[in-house]
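Novice: Residue numbers for the sequence shown follow the UniProt record's numbering, so the first one is 1 and each next one is one higher.
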Amino acid sequence: MEATAGQVVHLADYRPTDFVLERVDLTFELDPKQTLVIQRSLMHRREGASEQAPLVLDGDELTLKAVAIDGNPIDESQYSVNDKQLVIGNLPTGVTFEVTVETIIDPEANTKLMGLYRTNGTYCTQCEAEGFRRITYFMDRPDVLGVYTITIIADGSANPVMLSNGNFLGAGDYGDGRRFSAWYDPHPKPSYLFALVAGDLGVVEDTFTTMSEREVALKIYVEHGKEARAAYAMDALKRSMKWDEEAFGREYDLDIFMIVAVSDFNMGAMENKGLNVFNDKYVLADPETATDQDYANIEAIVAHEYFHNWTGNRITCRDWFQLCLKEGLTVFRDHEFSADQRSRPVKRIAEVRHLKAEQFAEDSGPLAHPVRPQLYREINNFYTTTVYEKGSEVTRMIATLLGRPMFRKGMDLYFERHDGQAVTIEDFVKCFEDVSGRDLTQFSLWYHQSGTPLVSVSANYDAASQEFKLSLEQMIPPTPGQQTKEPMHIPLAMGLILEDGSDAKAATVTGGEFTDGVLHLTERTQTFVFEGVANRPALSLNRSFSAPVNLHFDQSAEDIVHIARHDSDLFSRWQAINYLAIQELTAAVKTTEAGGDVAASPALTSILMATASDEALEPAFRAQVLALPTEADIAREIGSNIDNDAIHTTRNAIMYSIASAIAGPLEYLHAMTTNNGAFSPDAASAGRRSLRNSALTWLSHIDDGPARAAAAYAAADNMTELAHALTVLAHRFPGSNEAEAAIAEFEQRFAANPLVIDKWFMIQATVPGDTTLRRVQDLMRGSHFAPNNPNRLRSLIGSFAMSNPTGFNRADGEGYRFLAERIVEIDGRNPQVAARILTSMRSWRSLEPGRAAHAKSALLAIDLSGRLSTDVRDLIDRMLK
Ligand code: 0A1
Ligand code: ZN
């Protein structure tokens, strides 16, 4: 366990290392409990560094066996060692020397899953961010780049597969049962991109011919028997490779590209050079076991990790404060890829829903931080939705400001100028300034100021002068460590929609920059005047969600409906309906709390019906429109004094009133979207299934029993419909014979497939209401639960805490008490997973006072529980501050 305090690291303290790494040779003698790691590194003292400066190497939970300089063993008169550092003195100046470090590590005892560990009998590594120091003493930071040669030695029968980064050099037998395998990666890389895998795995193989006609071997390693389920991942990989050549001119740079799927993994996947390691959840899919969402996730994550080869690996981060340099940019690239592979507006809607649900929530609570933070106590806690998703939005805004062709030029310059380097956000932004001539100083505040800007809008049309006046005011709320903010550069795509549905073409626009339909809000308050607007338009603002901001605008229901029917931007049509729905839902919660009855307005009901039945629109879009804001969305919009039960009751009542009014069309939709023909995971087929599922959900609000959902469960021939029908049964008809029977049948059918059992956990853990806590506790005692497996922990405990607003936020506080105990337990084994699940309580201060008091005492219980990891300690301190 780390020290409880955890030192604060400041961006301002960045200094290059005193020594420059040139080459690293690593030999691993693998053993489940005693692996020997021999490191030989060539390095030299940096020019200008002090001649007295010692070599400081990071370490964590290592047993040191030997140290040598240029082959000569040294002892503690020349070095000092503790669990965190190996410090070597008396090193030469002006010449290259070789440091040898031998360490012993215990992969089997490694429950943190950082460094070298075992998963289902396979050796596997995870080194980002600071896992390499758990393998050997090293300058474990991203600005230390080296060329690696790796030799793996292991028992040959247990480990026929032995992999590392780069190109394969060769393999052989020692004749005593041991085998070796050697790898060489010619591209200098930081230690966080190192990877090693060894075990007995099956493989799926293919090839890809690059744009310069080089053939690359593609291999996906999975557990034996699961090979067929890797086909979609392979297809996604080939499409990603092609897309990166076409969209960004980026070609792959080794002879081989490998993916290994493992069942114990802290995150989604990892972009190690040439050897990506994946949580198997994001590799394995077939129609019987994977939903359409699983397929979409696999496509996106395979692409994301592959795209890191250029944005992250060839050009990496100077320090971990620059994490968004690789993550924000790579998320943007994977979003663009998915948009090109699927429906762009539907993809954008899903992104914005996710951004608001996660990032906006983070940005308005105690864990808010800038896209590029200034300090951290535990870097693992900064793999956040702000760094990833807001980071992507900031990249998107650069593309909006410059226009796509100029953005591409800036990216080309970035690749050309910084290939092989470890760089900063400033280096990145400078490329776009240099190609465009635009000053991005004010824009860069997006990297430095946390908090979601609020843009207040007022609009006025004057028929006599044919002028449309738009006044905007921006306000960025205070966030931890940032009480006052500067006005930002906010690019707002917009249109003025005339009566006939067309966009007004204003003759002139004054008051600020307005280019290609994008208005540039740069002042705290700014008024734009559009001249020559023939009649009163409806304002469609923030089209495509061009800026990640909240809008405050008292727009009339008629104008919103007009946009919902006519906007040329499909995303904006969804946005308008969503806005209408959230306004109505939040108002209705107040009515419920005051004891009144609620029902949806005719405007909302009719626009939902019109859009849902509009055959000209793609089914996936219609399904998105039909998906009302979630209970969490409503809670976020209300912002304070949250009573989760009132929200739940209100949302159900509104759904009941709408479903009653449009029952006929819903029945028609449900019938018309029946699956016929073989399953295909393509976007159009998935869209049809999502519309059908949506119709079933709506109908469950007026059905007087579970018969329809039970029939849908019985008829489903793919996981998308099966899991949805089970969800409707379990959530809408809890305790019914049909629900219980389906839960039991599902368990029996998929008992041997842990990834499907995760869905079973998740569906049960998110049943609304007070009784779910008991069910979660029972499931934890059941045979499927594995307390060390991150996927099991997340799907049972994580989904209960993160995605069950009424069950978790029980008024009596039992949900919070349960979680506090679990966090302390999990933290003892796997701090990263504990910390991630704990973020479910980040918005506790917005709860109504009774719940908030219970939540606070649960957090205090964790606080006082003794030995906490730096990960959990950091979060608890920030959440209680
Ligand atoms: N770089 C990876 C995410 C990642 C980060 C940390 C990890 O350590 C447990 C693992 C993966 C990505 O963006 O996909
Ligand atoms: Zn990434």
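No residue lacks a Cβ here, since even glycine has one placed at the ideal position from N, Cα and C.
1. Give the straight-line distance between the Cα atoms of T441 and S343, rounded to the nearest whole angstrom.
2. Given a cut-off of 9 angstroms, decide if V728 and R690 are closer than it, judged by their beta-carbon atoms.
3. Kindly indicate which residue of P768, R810, T771, R822 has the alpha-carbon position closest to the one of L793.
4. According to the Cβ coordinates, are R133 and G59 closer than 9 angstroms?
5. What residue from T63, L62, S444, L42 has the CA that sits closest to L55's CA?
6. Spatial neighbours of Q359 within its chain, please: CB distance less than 7 angstroms, with the 5 preceding and 5 following residues excluded, ordered by chain position.
7. How about the segment 441–460 and the segment 510–517: do they share at least three Cβ pairs that are nearer than 8 angstroms?
8. Check whether the Cβ of L113 lies closer than 8 angstroms to any heavy atom of the ligand 0A1, and answer yes or no.
9. What number of angstroms, rounded off, separates the C-alpha of H354 from the C-alpha of Y123?
10. Label S869 either buried or exposed according to how many other C-beta atoms from any shown protein chain fall within 10 Å of its C-beta, with 16 as the threshold for buried.
11. For K281, I'd like the list of residues in its chain whose CB is within less than 7 angstroms of its CB, leaving aside the five on either flank, ordered along the chain.
12. To the nearest angstrom, how far is it from the Cα of N279 to the Cα of N380?
13. Tell me where the beta strand (DSSP E) around residue 896 begins and ends.
14. I need the straight-line Cα distance from G48 to L196, nearest angstrom please.
15. Look up V776 in the DSSP assignment and say whether it is helix, strand or coil.
16. Within 10 angstroms of its Cβ, does V95 collect 16 or more other Cβ (buried), or is it exposed?
17. Please report the straight-line C-alpha distance between D770 and V435, rounded to a whole angstrom.
18. What do you get for M879, buried or exposed, if any count of 16 or more other CB atoms within 10 angstroms of its CB means buried?
19. Based on Cα-Cα distance, which residue from P478, T510, T479, S694 lies nearest to K469?
20. So, is the C-beta of K590 closer than 9 angstroms to a C-beta in chain D?
21. In whole angstroms, what separates the C-alpha of I150 from that of G172?
22. DSSP puts D173 in a beta bridge; with which residues?
23. Compute the minimum distance between the beta carbon of E271 and the heavy atoms of the ligand 0A1, and state whether it is under 8 angstroms.
24. Which stretch, first to last residue, makes up the alpha helix (DSSP H) that contains C431?
25. Identify, in the order they occur along the chain, each residue of the same chain with its Cβ nearer than 7 angstroms to the Cβ of A861, setting aside the five sequence neighbours on each side.
26. Quick one: residues in its chain with C-beta nearer than 7 angstroms to the C-beta of R178, no 5 flanking neighbours on either side, listed in chain order?
27. With three or more C-beta pairs closer than 8 angstroms as the rule, is the segment 825–839 touching the segment 661–673?
28. I want to know whether the segment 295–307 touches the segment 260–272 - three or more CB-CB distances under 8 angstroms.
29. Go ahead and pull the three-state DSSP assignment for H784.
30. Are S80 and V87 closer than 9 angstroms when you measure CB to CB?
31. Return the chain-ordered ranges of every alpha helix (DSSP H) run that is complete within the UniProt domain "Aminopeptidase N-like N-terminal" (49–193) and spans a minimum of 4 residues.
32. For the segment 802–819 against the segment 236–249, are there 3 or more C-beta pairs whose distance is under 8 angstroms?
33. So what does Y306 bridge to, in DSSP terms?
34. When you compare only the Cα positions, how much space is there between R873 and R867?
35. For the ligand ZN, any of its heavy atoms closer than 8 angstroms to the Cβ of T291?
36. Are there 16 or more other CB atoms within 10 angstroms of the CB of Y174, so buried, or fewer, so exposed?
Specialist: Inspection of the coordinates gives the following:
1. 34 angstroms
2. Looking at the sequence provided, one finds Ser at residue 690 rather than Arg. No, the pair does not count as a contact, with Cβ atoms beyond the cut-off.
3. R822
4. Yes, Cβ-Cβ distance for R133 and G59 is below 9 angstroms.
5. L42
6. T385, T386, E389, K390
7. no
8. Indeed, a heavy atom of the ligand 0A1 lies less than 8 angstroms from the Cβ.
9. If you draw a straight line from the Cα of H354 to the Cα of Y123, it is about 34 angstroms long.
10. Buried is the call here.
11. L755, N791
12. So the alpha carbons of these two residues sit roughly 17 angstroms apart.
13. With the chain represented from 1 up to 881, any question about residue 896 goes unanswered, as that position is not in the structure.
14. 35 angstroms
15. Helix.
16. exposed
17. 58 angstroms
18. buried
19. Residue T510 is the option with its Cα nearest to K469.
20. Among the protein chains of the structure shown there is no chain D, as only one such chain exists.
21. 14 angstroms
22. Bridge partners of D173: R179.
23. Yes - the ligand 0A1 has a heavy atom lying nearer than 8 angstroms to the Cβ of E271.
24. 425–436
25. A820
26. I153, A154, D155, G156
27. no
28. For the pair of segments examined, the segment 295–307 was found to touch the segment 260–272: the number of CB pairs separated by less than 8 angstroms reaches three.
29. coil
30. Yes, Cβ-Cβ distance for S80 and V87 is below 9 angstroms.
31. none
32. In short, these stretches do not touch, since the Cβ pair count stays below three.
33. Paired residue(s): none; Y306 is not in a bridge.
34. 9 angstroms
35. no
36. exposed
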